[in-house]
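Residue numbers (the numbering used here): 7 to 397.
The C-beta atom is built at its ideal place from N, Cα and C for all residues, glycine as well.
Reading through the structure tokens given below for one structure.
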């Protein structure tokens with residue numbers, strides 16, 4: 007169960023976050039010409055991380071004993087929604103979503119004290135980045151199909167293989183890597199390892215090709231393990247329990263991503279409303295026409311329904327309830343809603359919404375990924391049906 011921050015404090019945090027976004031972050035991006043589809047320098051990312059840390063937002067969901075504020079998942083989602091709604095290119099670095107403490111907060115209790123000191127605290131203190139590496143060319147939705155291997159050699163393991171589509175990989179100093187541990191010729195088990203980035207005179211993962219998705223962002227890449235030597239002290243959790251570790255973080259993760267999807271959908275709706283009031287056709291604002299009114303009404307209704315679903319499930323998670331099926335419902339519905347809202351927004355903007363670089367065109371491409379990332383819509387339906395049939 008999460009320790010709950012009082013709603014008054016969450017409101018204060020939200021107001022402080024909005025001040026940072028609109029008074030510092032967006033002006034910083036404008037001054038430096040930062041765009042999510044262009045390469046963003048590590049210096050710029052470090053500025054956001056450190057400034058966010060100074061203001062108390064970075065790793066805000068973590069326990070107070072490691073520098074967080076023990077904000078409830080509900081509070082975190084309120085902040086995530088505002089960040090996504092802002093349209094900031096660096097939104098994912100403010101709370102530590104991309105390569106930061108938000109990635110490891112759910113697994114904090116699994117790290118050993120030495121691992122926390124060496125790896126976790128530098129991430130929490132905005133001095134390092136990390137990533138979670140599961141997906142491979144032959145293993146996506148089917149996590150058990152991973153082929154990266156870990157072979158014991160004395161007090162070390164030798165990792166061999168390749169991961170791809172790894173979010174935050176370009177900014178990672180170390181990665182949590184799931185690999186098949188070869189125990190004997192007849193037995194394999196999946197174990198999680200903490201693997202450092204390759205450096206001069208030090209074995210580690212090699213950063214492979216930067217993989218640019220339809221959104222144009224450059225925050226995803228391959229990780230290559232070529233005779234990569236990892237000390238046994240870097241096993242994360244229990245040997246052979248890597249899949250449980252990987253899948254265990256998904257429940258909360260899938261639900262909380264719904265806040266990001268809703269933030270983007272709300273921004274699309276807000277832009278569409280403004281455009282409907284200002285765009286004049288046939289001597290009248292297009293918002294006067296029933297076809298446009300119905301699209302706006304559909305968008306607002308679905309966003310409202312998705313938001314009610316999200317925060318109902320988030321509160322249940324905060325109170326320690328098992329929400330596996332309902333978390334999948336949140337991920338499924340909010341991602342599908344964001345896509346329908348984006349499609350309507352393009353229709354409302356007409357030719358403008360089709361132009362490369364227009365905010366609506368960019369978000370239209372971005373939201374198309376939502377139905378695939380963190381488990382496809384089809385996988386979510388499988389999870390929902392499984393919960394229903396196993397009751």
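If I measure Cβ to Cβ from residue 236 and keep anything under 7 Å in the same chain, skipping five residues before and after, which residues do I get? 162, 163, 165, 199, 201
Distance between beta carbons of residue 94 and residue 35, contact taken as under 8 Å: 6 Å
By a C-beta neighbour count over all protein chains shown, 10 Å radius and 16 as the cutoff for buried, is residue 290 buried or exposed? exposed
Under the three-state reduction of DSSP, which class applies to residue 168: helix, strand or coil? strand
If you follow the beta strand (DSSP E) that residue 214 is in, where does it begin and where does it stop? 212–216
Among the candidates 369, 117, 350, whose CA atom is the shortest distance from the CA of residue 279? 350
Spell out a yes or no on whether the stretch 330–343 and the stretch 295–315 are touching, meaning 3 or more CB-CB pairs, one atom from each, closer than 8 Å. yes
In chain order, each alpha helix (DSSP H) run of at least 4 residues that lies wholly inside the stretch 249–323: 256–284
Between 244, 174, 260, 91, which has its C-alpha nearest residue 224's C-alpha? 174
Assigned secondary structure, residue 142 (DSSP; H/G/I helix, E/B strand, else coil): strand
Taking the alpha carbon of residue 170 as the point to measure from, which residue in 184, 179, 160 has its own alpha carbon closest? 184
In whole angstroms, give me the CA-to-CA distance for residue 33 and residue 375. 27 Å
Of the residues 241, 60, 357, the one placed nearest residue 118, counting alpha carbons only: 241
Should the stretch 378–395 be called in touch with the stretch 328–342, which here means at least 3 C-beta pairs below 8 Å? yes
Among 121, 50, 354, which one has its Cα closest to the Cα of residue 296? 354
Compute the Euclidean distance between the alpha carbons of residue 101 and residue 58, then round it to the nearest angstrom. 7 Å
Return the CA-CA distance between residue 61 and residue 397, expressed in angstroms with no decimal places. 45 Å
Should the stretch 101–111 be called in touch with the stretch 123–132, which here means at least 3 C-beta pairs below 8 Å? yes
Taking 8 Å as the threshold, find out whether the stretch 204–220 comes into contact with the stretch 254–263 through three or more Cβ pairs. no
Between the Cα of residue 148 and the Cα atoms of 63, 249, 159, which residue gives the shortest distance? 249
Residue 140 versus 264, 358, 172, residue with shortest Cα-Cα distance: 172
Taking residue 274 and residue 389 to be in contact with their CB atoms under 8 Å, please state how far apart those CB atoms are, rounded to whole angstroms. Actually they do not touch by this definition, with Cβ atoms about 27 Å apart.
Quick check on residue 8: does DSSP put it in helix, strand or coil? Because the pLDDT of residue 8 is 42, which lies under 50, any placement of that residue in the model is unreliable, and the number read from its coordinates should be weighed accordingly. If DSSP states are grouped into helix, strand and coil, residue 8 belongs with coil.
Under a Cβ-count criterion, where at least 16 other Cβ atoms within 10 Å of its own Cβ denotes burial, should residue 88 be classed as buried or exposed? buried
Excluding five sequence neighbours on each side, which residues of the same chain lie with their C-beta closer than 6 Å to the C-beta of residue 293? 282, 283
Tell me the rounded alpha-carbon separation between residue 64 and residue 56. 8 Å
So, for residue 365: in the same chain, excluding its five sequence neighbours on each side, which residues have a beta-carbon less than 7 Å away from its beta-carbon? 93, 277
Separation of residue 298 from residue 168, as counted between CA atoms: 48 Å
Residue nearest to residue 90 in terms of C-alpha spacing, selected from 373, 395, 378: 373
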